[in-house]
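These notes concern the structure reproduced below.
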Amino acid sequence: MTSQDAAASAKPAPKDPWELPDVSGLVVGVLGGTGDQGRGLAYRLARGGQQVIIGSRAAERAETAAAELGLGIRGLDNAGCARESDIVIVAVPWDGHAKTLTALRAELAGKLVVDCVNPLGFDKQGAYALVPEEGSAAQQAAALLPESRVTAAFHHLSAVLLQDPEVTEIPTDVMVLGEDRADCETVQALAQRIPGMRGVFAGRLRNAHQVESLVANLISVNRRYKAHAGVRLTDI
1404 MTSQDAAASA KPAPKDPWEL PDVSGLVVGV LGGTGDQGRG LAYRLARGGQ QVIIGSRAAE
1464 RAETAAAELG LGIRGLDNAG CARESDIVIV AVPWDGHAKT LTALRAELAG KLVVDCVNPL
1524 GFDKQGAYAL VPEEGSAAQQ AAALLPESRV TAAFHHLSAV LLQDPEVTEI PTDVMVLGED
1584 RADCETVQAL AQRIPGMRGV FAGRLRNAHQ VESLVANLIS VNRRYKAHAG VRLTDI
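Each residue of the sequence shown is one higher than the last, beginning at 1404 in the working numbering.
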């Protein structure tokens, strides 16, 4: 055997893409946790055993929402939520996205931030995608939070299903985008804390726009079929 053959045979096997880190000990904050999407994510993650903090502009609103949800969820103002969390999910309305993140730049420094905001407009023809100057909500977050590690995920989930205590599993895939593969794997693992979900790596943040925009199509699907459609990726 030549030295080249020996080197080739010693090459480690490629990592299993479904081998994900243990995130059970991480504290997850949800900015915008008093809105439907934020409440739903907070409820599902806490139900899966995650430590969760709801954030709101008013601490009292966050505390009320947390008490209603139970499961050990805590409520703080947005700044407190950001400071005390390891991972921070951004689930605020699009029209408050930039203002909220700008105000929390210091508190979010060094944090893993997961943006799930969908820039959408609505008119008589229904929902349609907006194109932020930066390209997507996630890219806007990355520009506003240069000291944070920004990813994008949790865009295609039904707030109705997330909040329904009778629903035990949500069979859908969560596309995760980001610049750092380890950060994406952490978010993938977080998604899989919710029964029925898979976290799937879907590219870098430059590809976030089409993922965010797909929600406009899902809204049309749901209205036509009176459903709560999600996304499943085949052959993986």
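Just so it is clear, CB atoms sit at the ideal spot from N, CA and C, and this is done for glycine as well.
As the structure is a computational prediction, the values presented were derived from the model and not from experiment.
Under 8 Å between C-beta atoms of residue i and residue j
| i | j | result |
| --- | --- | --- |
| G1435 | G1441 | yes |
| G1581 | V1553 | yes |
| H1558 | G1633 | no |
| N1521 | A1509 | no |
| A1449 | Q1542 | no |
| V1491 | V1517 | yes |
| A1494 | G1438 | yes |
| L1479 | G1458 | yes |
| L1515 | T1589 | yes |
| D1489 | V1570 | no |
| S1616 | A1512 | no |
| Q1595 | L1423 | yes |
Beta-carbon contacts of residue i that lie in its chain and below 8 Å, excluding the five residues immediately before and after
| i | result |
| --- | --- |
| R1486 | E1510 |
| A1530 | L1523, G1524, V1618, A1619, I1622, S1623 |
| D1425 | A1592 |
| L1474 | Y1446, A1449, R1450, V1455 |
Anticipated Cβ contact below 8 Å, residue i with residue j, distance rounded
| i | j | result |
| --- | --- | --- |
| V1455 | A1445 | 5 Å |
| R1460 | L1565 | Rounded, the Cβ-Cβ distance is 22 Å, inconsistent with contact. |
| A1469 | R1477 | 6 Å |
| A1556 | L1608 | Not really, about 11 Å apart at Cβ, beyond 8 Å. |
Same chain only: Cβ atoms within 6 Å of residue i, ignoring 5 sequence neighbours per side
| i | result |
| --- | --- |
| G1538 | H1612 |
| A1546 | E1537 |
Nonlocal neighbours in the same chain, by C-beta distance under 7 Å from residue i, ignoring five residues either side
| i | result |
| --- | --- |
| S1561 | H1631, G1633 |
| L1548 | L1504, R1508, L1511, V1516 |
Cβ pair count under 8 Å reaching 3, the stretch 1572-1580 against the stretch 1498-1507: no
Does the structure place the stretch 1612-1632 close enough to the stretch 1586-1602 that three or more beta carbon pairs sit under 8 Å? no
What ranges does the alpha helix (DSSP H) occupy inside the stretch 1435-1491, keeping only unbroken runs of at least 4 residues that lie completely in it? 1439-1450, 1462-1472, 1481-1487
Report the residue ranges of all beta strand (DSSP E) runs contained in full by the stretch 1496-1541; include only those spanning at least 3 residues, in chain order. 1515-1518, 1523-1526, 1529-1532
List, from N- to C-terminal side, the alpha helix (DSSP H) runs of 4 residues or more that fit wholly inside the stretch 1541-1570. 1562-1566
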